[in-house]
Amino acid sequence: KQEVTQIPAALSVPEGENLVLNCSFTDSAIYNLQWFRQDPGKGLTSLLLIQSSQREQTSGRLNASLDKSSGRSTLYIAASQPGDSATYLCAVFMDSNYQLIWGAGTKLIIKP
Amino acid sequence: DVKVTQSSRYLVKRTGEKVFLECVQDMDHENMFWYRQDPGLGLRLIYFSYDVKMKEKGDIPEGYSVSREKKERFSLILESASTNQTSMYLCASSLDDRGGYTFGSGTRLTVV
Numbered sequence: 041k042q043e044v045t046q047i048p049a050a051l052s053v054p055e056g057e058n059l060v061l062n063c064s065f066t067d068s069a070i071y072n073l074q075w076f077r078q079d080p081g082k083g084l085t086s087l088l089l090i091q092s093s094q095r096e097q098t099s100g101r102l103n104a105s106l107d108k109s110s111g112r113s114t115l116y117i118a119a120s121q122p123g124d125s126a127t128y129l130c131a132v133f134m135d136s137n138y139q140l141i142w143g144a145g146t147k148l149i150i151k152p
Numbered sequence: 201d202v203k204v205t206q207s208s209r210y211l212v213k214r215t216g217e218k219v220f221l222e223c224v225q226d227m228d229h230e231n232m233f234w235y236r237q238d239p240g241l242g243l244r245l246i247y248f249s250y251d252v253k254m255k256e257k258g259d260i261p262e263g264y265s266v267s268r269e270k271k272e273r274f275s276l277i278l279e280s281a282s283t284n285q286t287s288m289y290l291c292a293s294s295l296d297d298r299g300g301y302t303f304g305s306g307t308r309l310t311v312v
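Written out as structure tokens, the structure reads:
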């Protein structure tokens, strides 16, 4: 059974720092992996989608990498800003059963 | 950009009431989903639909039903609301079967 883990559960860093959020999964037979952002009390915003055949995707200050064989993905945020404060969730799509499996999220706080 | 619109941001209902949560997407997506999100439990799939008039149970369908009469609209129905259905409800859609989800802004439902 696929399990998705995000460590740490919470992270606080000073503004301007580069940071990495981690997502690991136990079953490497994924179809794709998606990173989302959720602001308090709101819905989810899709940030990046990486297909299983890809190694990374970039959007602005965000870069997501995928190492399927080791069951890891990272979300790199460059030059963090207070507006980046949110909960970041990763989810993997399993082609075997058409299920999207979610991590519990990392709550990120960027201190001004 | 795809938009997924949930009709209410906040809703307060009484125990035993029949509750309708509406979700509309504007990009002709085939697939639509209803999740609930609770602290410590993450996102849990309630129901999903891959086509008009088609529905499939997710992980926690008990106490809920859905309706998809038109491609763009997916409604979640609480037949008789109970306090344990107090939660954040999130609707999502995707173009194909394999992820690339877009979420609505969520409905915070309180059952009193």
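Residue numbers (my numbering), protein chains in the order written: chain V, 41 to 152; chain F, 201 to 312. Every residue, glycine too, gets a C-beta built ideally from N, C-alpha and C.
Short of 7 Å in beta carbon distance, which residues of its chain neighbour residue i, apart from the five on each side in sequence? Order them along the chain.
| i | result |
| --- | --- |
| Glu55/V | Ser120, Gln121, Pro122, Ile150, Lys151 and Pro152 |
| Arg95/V | Ser105 and Leu106 |
| Arg101/V | Ile117, Ala118 and Ala119 |
| Thr45/V | Ser64 and Gly143 |
| Asn72/V | Leu89, Ile90, Gln91, Ser92 and Phe133 |
| Asp124/V | Ile117, Leu148 and Ile150 |
Can you find the residues in the same chain that come closer than 8 Å, C-beta to C-beta, to residue i, ignoring five residues on each side of it along the sequence?
| i | result |
| --- | --- |
| Val252/F | Arg268, Glu269, Lys270 and Lys271 |
| Phe303/F | Val204, Leu290, Cys291 and Ala292 |
| Phe248/F | Asn231, Met232, Phe233, Trp234, Lys255, Glu256 and Gly258 |
| Ser99/V | Leu87 and Leu88 |
Between residue i and chain F, is there a C-beta pair that is closer than 8 Å?
| i | result |
| --- | --- |
| Ala50/V | no |
| Ala104/V | no |
| Trp142/V | yes |
| Lys108/V | no |
| Lys41/V | no |
| Lys151/V | no |
| Lys82/V | yes |
| Gln74/V | yes |
| Ser86/V | yes |
| Leu61/V | no |
| Leu89/V | yes |
Hey, residue i and residue j are a contact pair by Cβ (cut 8 Å); roughly how many whole angstroms apart?
| i | j | result |
| --- | --- | --- |
| Phe76/V | Ser86/V | 6 Å |
| Arg209/F | Val312/F | No, Arg209/F and Val312/F are not in contact; Cβ-Cβ is about 17 Å, not under 8 Å. |
| Leu221/F | Ser275/F | 7 Å |
| Leu115/V | Leu51/V | Leu115/V to Leu51/V, Cβ: 11 Å. No contact. |
| Leu89/V | Gln74/V | 5 Å |
| Ser113/V | Ala69/V | Between Ala69/V and Ser113/V the Cβ distance is about 15 Å, and since that is not below 8 Å, they are no contact. |
With a threshold of 6 Å on Cβ separation, who are the neighbours of residue i within its own chain once the five nearest residues in sequence on each side are excluded?
| i | result |
| --- | --- |
| Met288/F | Gln237, Gly306 and Arg308 |
| Tyr301/F | Ala292 and Ser294 |
| Arg273/F | Val224 |
| Gln97/V | Leu88, Ile90 and Ala104 |
Counting only beta-carbon atoms, is residue i nearer than 8 Å to chain V?
| i | result |
| --- | --- |
| Phe303/F | yes |
| Leu243/F | yes |
| Arg236/F | no |
| Leu290/F | yes |
| Pro268/F | With the sequence shown as reference, residue 268/F is identified as Arg, and Pro is not the correct amino acid for it. Output row for Arg268/F: interface = no. |
| Gly263/F | no |
| Arg273/F | no |
| Gly216/F | no |
Residue i touches chain A at which residues, Cβ-Cβ below 8 Å?
| i | result |
| --- | --- |
| Ser99/V | Structure shown: chain A not included; protein chains present are V and F. |
Validate contact between the segment 60-76 of chain V and the segment 127-136 of chain V using beta carbons, cut 8 Å, 3 pairs = In short, these stretches touch, since the Cβ pair count reaches three.
Pair every Cβ in the segment 259-267 of chain F with every Cβ in the segment 103-116 of chain V, then say whether three or more of these pairs are closer than 8 Å.
-> Cβ pair count under 8 Å is below three, so no.
Would you list, in sequence order, the uninterrupted alpha helix (DSSP H) runs of no fewer than 4 residues that lie entirely inside the segment 60-85 of chain V?
-> Counting whole runs of 4 or more residues, the segment 60-85 of chain V contains no alpha helix (DSSP H) stretch at all.
Taking only runs of the alpha helix (DSSP H) that begin and end inside the segment 227-263 of chain F, which ones reach a length of at least 4 residues, in chain order?
-> DSSP runs (the alpha helix (DSSP H)) wholly in the segment 227-263 of chain F: none.
Mind listing, in chain order, the continuous alpha helix (DSSP H) runs of no fewer than 4 residues lying wholly within the segment 269-294 of chain F?
-> Listed in chain order, nothing qualifies, since the segment 269-294 of chain F has no complete alpha helix (DSSP H) run of 4 or more residues.
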